[in-house]
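K.L.:
Residue numbers (UniProt numbering), protein chains in the order written: chain F, 1 to 455; chain L, 1 to 455.
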């Protein structure tokens, strides 16, 4: 296979469980994948994927960009798994037991793991001591890549932060932008599409009093809806489905969150052309649409409200992170978007977090720690954004300085630029990748100059 | 008095005890002092003292520089106390009970407190929202000032790091430099001085078998020496005394660590002119020398081996910090210095730490986290160093970039530049202070330009 550990790296690194305190002194095994086929000692670099909330092998397989440019950068590829995800569980199968065991799941601890791992690699692989490292990540991993450069500029010379909503915090951006972008995606993917979804919420409301059985049957649910909570979950599940499809609205068949056809939002909108249908007919169409997302392969015998994406994504860990640091205010008004009106209610959010995990979120900690909008003192970060990606609303979409640059990919969904080259790629993503490579090479050249020509 | 809280600031800020984890969600009361007599809304700045290991009122009284320049900068002065010192005890009088309670004593937590405090001030004092903040600190507080700018450049526009040995870690500098500088101070302060101290160690060795009582009596010790451990402590106490005197070798009478005459090393060396004396005579002179440090006022009825400095300094907390993050390797060889040969023995150090605090030091964490010698990506930090200061061996003594600058004060001891102007100040410290003000004004001008003239 493409992964193989270089000599001496047979043993995994064992970062401490708590980088920021000394009472907990144990270590854990962190998984990472490494590919050095294209590595050249004298000219090479390390492209370091800052793993996010999921199985690292799955991310490695969905980050073709790094494989595509490995040769051009004479690069070692490293994919580092984020603690508490995949196989990198600090307390094994007890890691998720309670708030005490989860206490070391944070972006700061993850970044420290990455820093320690890179030093371990440089100390272990002969010839890498002075090799420049570039951080690459998407989504939360993109935030981590950007923050890694901000907090550890001595370890990475730059970062490619793809679809990284580093401003989706506190009141840095309007809370409604996310759902607005989802809605726009559906609006431009077929006449009547967003209106049909908009109308579906009232249709469900009218039907639940008498038609729970019909609804469960029509949507082929694995567990039939019975209680009010079931119905709330059903509506949340529908909302989540539209969000996920918008995020993975790629121009070709792909299986990231689920196996899907090319341009899945368009495929879904084919079923949602008539927003004026009677409730049952409209909801049957909604089912057809949803069924594209959950059953494109045709293998699903029923639809499961609790399994909305690939199991490789660590939704449970992310739910904890969202209840601590990663508080991303969202709201919908039903006017500028196709969703039910829902205000951002921090108090209710905090209560739910306390019930679920025994912790209280700290909504202003991320901006305080990572700088919010005031990041111009940093350098060498590319923020790329997909125009179709709901997360672009919280992203950096304009250049901040000459070395903190934004790239827009109007036809791109969630970190399309990090995926493998494809004949179906829109021009905008090809240009984005060229520009990304261009900036990364600039950093390397500048680094080279600094190294070889001191005053 | 000079300190007064501006309106609305009557309530102290209450930072969380653990910024980096969510299981411990309690807060504590952090003390800070504030003086706004010279504050001018439109042109002003905030000079923020990053408190180090001790009582903040004591530091405020020994940081006359800030008071001297307050008017020139139209500045609010803020002196923030470091958690676990002075009155800022996270768990009250239980804060030092065990490793569990001490778990939140670290530089990272302290910096986060400072960040949160500054945001609290800006949110509370009308007109300060956009006021630029400059961090100022000395010694460990100087390291904190530098690290604060490195990690939170969105909060402070620059830092004055006085006598900050940010490189006294791992193997960034030779472990012998510290004792070598102490020795040089004594060497140039009187003929025979360093040789007398050098010879004293063997004299003590020869005398302890039969002369413990004589030694205890001669040195007027409060508790007479009895065991081997007592003798070890006695030698350590002597060593510590020489170090402390070198650190506070100021050109005028001062009472920082202890009340002392002007140029105390010279005053001490007056008693240490003859290194060839017989043991008892030589040690009687050593006592006279030591007595200058411990009893310049003449009020001490006996000398106490366990009280080496003012009680305002939190030696206990520092001992914990030295056993966790702040591992500063030191060694002496008895050839290049006047001390007994002592190798740096990390294993023994770690064992002692485990016995004393139940924790193991992590010697490479500080360089990993704060960058070691590779800090050129940062900006706007002044590193000032005293030529007489043993800590200058671990300091930044050469410019790194145009905005990471070093200032040397050949006649200066430990952060002399942060002390009040004095008619006895050597020219070099006056020049240093002018240069510091010059750089601080440059940062403010540049910040102003960025704020008012975007592209």
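Ideal placement from N, C-alpha and C gives every residue a C-beta, glycine not left out. All of these numbers come straight from a predicted model, not from anything done at the bench.
1) Answer with yes or no whether the minimum CB distance from residue 25 of chain F to chain L is below 8 angstroms.
2) Per DSSP, which residues does residue 27 of chain L bridge with? Please list them.
3) Kindly say whether residue 196 of chain F, judged by its beta-carbon, lies nearer than 8 angstroms to any beta-carbon of chain L.
4) Give, in chain order, every residue of the segment 14-48 of chain F whose Cβ lies closer than 7 angstroms to some Cβ of chain L.
5) Could you pull the start and end residues of the beta strand (DSSP E) that residue 385 of chain L belongs to?
6) Hey, residue 390 of chain F and residue 254 of chain F: beta-carbon distance below 8 angstroms or not?
7) Counting only runs of 4+ residues fully inside the segment 58-133 of chain L, write out the alpha helix (DSSP H) ranges in chain order.
8) Mind pulling the chain F residues with CB within less than 8 angstroms of residue 153 of chain L?
9) Note the first and the last residue of the continuous alpha helix (DSSP H) segment covering residue 400 of chain L.
10) Can you list, in chain order, the residues of the segment 100-121 of chain F whose Cβ is nearer than 8 angstroms to any Cβ on chain L?
11) Mind pulling the chain F residues with CB within less than 7 angstroms of residue 316 of chain L?
12) Answer with yes or no whether the minimum CB distance from residue 368 of chain L to chain F is below 8 angstroms.
13) For residue 242 of chain L, does the three-state DSSP call read helix, strand or coil?
14) Beta strand (DSSP E) containing residue 159 of chain F: first to last residue?
15) I'd like the list of long-range same chain contacts for residue 406 of chain F, defined as Cβ closer than 6 angstroms, with 5 residues on each side in sequence excluded.
16) Return the chain-ordered list of same chain residues with a C-beta closer than 7 angstroms to the C-beta of residue 360 of chain L, the five sequence neighbours on each side being excluded.
17) Could you compute how far the alpha carbon of residue 455 of chain L sits from the alpha carbon of residue 380 of chain F?
18) Please name the residue, chosen from F/130, F/141, F/133, that lies closest to residue 81 of chain F on a Cα-to-Cα basis.
19) Given residue 200 of chain F, which residues of its chain have a CB within under 8 angstroms of its CB, disregarding the five upstream and five downstream residues?
20) Does residue 1 of chain L get closer than 8 angstroms to chain F when you measure Cβ to Cβ?
21) For residue 183 of chain F, which residues in chain L fall below 8 angstroms Cβ to Cβ?
22) Could you check whether the Cβ of residue 16 of chain F sits closer than 7 angstroms to any heavy atom belonging to the ligand NAP?
23) For residue 332 of chain F, name the three-state secondary structure that DSSP assigns.
24) Going straight from the alpha carbon of residue 90 of chain L to that of residue 36 of chain L, what length do you get?
25) Using three-state DSSP, classify residue 32 of chain L as helix, strand or coil.
26) So if I threshold CB-CB distances at 9 angstroms, which residues from the segment 335-365 of chain L count as touching chain F?
27) For residue 441 of chain F, which option in F/226, F/133, F/196 has the closest C-alpha, if you only look at C-alpha atoms?
28) DSSP three-state call for residue 166 of chain F: helix, strand or coil?
29) I want to verify the contact list: residues of chain F whose CB lies under 8 angstroms from the CB of residue 241 of chain L, in sequence order.
30) Using CA atoms only, rank isn't needed, just tell me which of L/321, L/153, L/3, L/233 is closest to residue 76 of chain L.
31) To the nearest angstrom, report how far apart residue 263 of chain L and residue 252 of chain L are at their CA atoms.
32) With a threshold of 16 other CB atoms inside 10 Å of the CB of residue 348 of chain L, please say whether the residue is buried or exposed.
33) Report the residue from F/171, F/41, F/150, F/96 whose alpha carbon sits nearest the alpha carbon of residue 125 of chain F.
34) In terms of residues, what are the limits of the alpha helix (DSSP H) holding residue 287 of chain L?
35) At a CB-CB cut-off below 8 angstroms, which residues of chain B make contact with residue 324 of chain L?
36) Check whether the segment 357-376 of chain F touches the segment 104-119 of chain L, taking contact to mean three or more Cβ pairs, one atom from each stretch, closer than 8 angstroms.
P.N.:
If we stick to the structure as given:
1) In the first chain, counting from the first residue as 1, residue 25 of chain F sits at position 25. Output row for residue 25 of chain F: interface = yes.
2) Numbered from its first residue, the second chain carries residue 27 of chain L at position 27. Paired residue(s): L/16.
3) Within the first chain, numbered from 1, the residue matching residue 196 of chain F stands at position 196. Taking Cβ atoms only, chain L never reaches closer than 8 angstroms to residue 196 of chain F, which makes this a no.
4) 20, 21, 22, 23, 25
5) Taking the first residue of the second chain as 1, we reach residue 385 of chain L at position 385. Looking at the DSSP string, the run of the beta strand (DSSP E) that includes residue 385 of chain L is 381-386.
6) Locating residue 390 of chain F in the first chain gives position 390, where the first residue counts as 1. Locating residue 254 of chain F in the first chain gives position 254, where the first residue counts as 1. Cβ distance not < 8 angstroms, so residue 390 of chain F and residue 254 of chain F don't count as in contact.
7) 64-69, 107-124
8) What you label residue 153 of chain L is simply residue 153 of the second chain in a count that begins at 1. Chain F residues near residue 153 of chain L: 371, 377, 378.
9) The residue given as residue 400 of chain L occupies position 400 in the second chain. From DSSP, residue 400 of chain L is part of no alpha helix (DSSP H); its letter is neither H nor E.
10) 100, 102, 103, 104, 106, 108, 109, 112, 115, 116, 119
11) Sequence index remark: in the second chain, residue 316 of chain L carries index 316 (1-based). The premise fails here: residue 316 of chain L is roughly 16 angstroms from chain F at the closest Cβ pair, so nothing lies under 7 angstroms.
12) For the purposes of this step, residue 368 of chain L is taken as the residue at position 368 of the second chain. Judged by the 8 angstroms Cβ criterion, residue 368 of chain L is in contact with chain F.
13) Taking the first residue of the second chain as 1, we reach residue 242 of chain L at position 242. If DSSP states are grouped into helix, strand and coil, residue 242 of chain L belongs with the helices.
14) Here the question's residue 159 of chain F lines up with position 159 in the first chain. 158-162 is the span of the beta strand (DSSP E), which, as asked, contains residue 159 of chain F.
15) Your numbering for residue 406 of chain F matches position 406 in the first chain. Closer than 6 angstroms at the Cβ level, and outside the excluded window around residue 406 of chain F, lie 383, 396, 397, 398, 399.
16) To locate residue 360 of chain L, count along the second chain from 1; it is residue 360. Around residue 360 of chain L: 350, 353, 354.
17) Within the second chain, numbered from 1, the residue matching residue 455 of chain L stands at position 455. Within the first chain, numbered from 1, the residue matching residue 380 of chain F stands at position 380. Bear in mind that the predicted position of residue 455 of chain L carries a pLDDT of just 43, short of 50, making it too unreliable to give a figure here.
18) Walking along the first chain from the start, residue 81 of chain F turns up at place 81. Of F/130, F/141, F/133, the residue nearest in Cα terms is F/141.
19) Locating residue 200 of chain F in the first chain gives position 200, where the first residue counts as 1. If we look at residue 200 of chain F and ignore the five residues flanking it on each side, its Cβ neighbours are 238, 282, 283, 286.
20) Position 1 of the second chain holds residue 1 of chain L. With a pLDDT of 48 at residue 1 of chain L, under the threshold of 50, the modelled position of that residue is not reliable, and no figure is offered here.
21) The residue you call residue 183 of chain F lines up with position 183 of the first chain. Result: empty, since nearest Cβ-Cβ is about 32 angstroms, beyond 8 angstroms.
22) The ligand NAP is not part of the structure shown, which contains no ligands of any sort.
23) Taking the first residue of the first chain as 1, we reach residue 332 of chain F at position 332. In this structure, residue 332 of chain F counts as strand in the three-state DSSP scheme.
24) Counting from 1 along the second chain, the entry for residue 90 of chain L is found at position 90. Counting from 1 along the second chain, the entry for residue 36 of chain L is found at position 36. When rounded, the distance between both Cα atoms is 27 angstroms.
25) Within the second chain, residue 32 of chain L is the residue found at index 32, counting from 1. It is a strand residue.
26) 357, 358, 359, 360, 361, 362, 364, 365
27) Position 441 of the first chain, counting from 1, holds the residue named residue 441 of chain F. Per the Cα distances, F/133.
28) As a first step, residue 166 of chain F must be located in the first chain, where it is residue number 166. Here residue 166 of chain F sits in coil by DSSP.
29) Along the second chain, read from residue 1 onward, the residue named residue 241 of chain L stands at position 241. The contacting residues do not exist; residue 241 of chain L stays about 30 angstroms from chain F at best.
30) Your numbering for residue 76 of chain L matches position 76 in the second chain. It is L/3.
31) By one-based count along the second chain, residue 263 of chain L stands at place 263. By one-based count along the second chain, residue 252 of chain L stands at place 252. If you take the alpha carbons of residue 263 of chain L and residue 252 of chain L, they lie about 6 angstroms apart.
32) One-based indexing of the second chain puts residue 348 of chain L at position 348. It is exposed - the Cβ of residue 348 of chain L has fewer than 16 other Cβ atoms within 10 Å.
33) Along the first chain, one-based indexing puts residue 125 of chain F at 125. Of the listed residues, the one whose Cα sits closest to residue 125 of chain F is F/41.
34) Within the second chain, numbered from 1, the residue matching residue 287 of chain L stands at position 287. Here the alpha helix (DSSP H) through residue 287 of chain L covers 279-295.
35) Any reference to chain B falls outside this structure, whose protein chains are F and L.
36) yes
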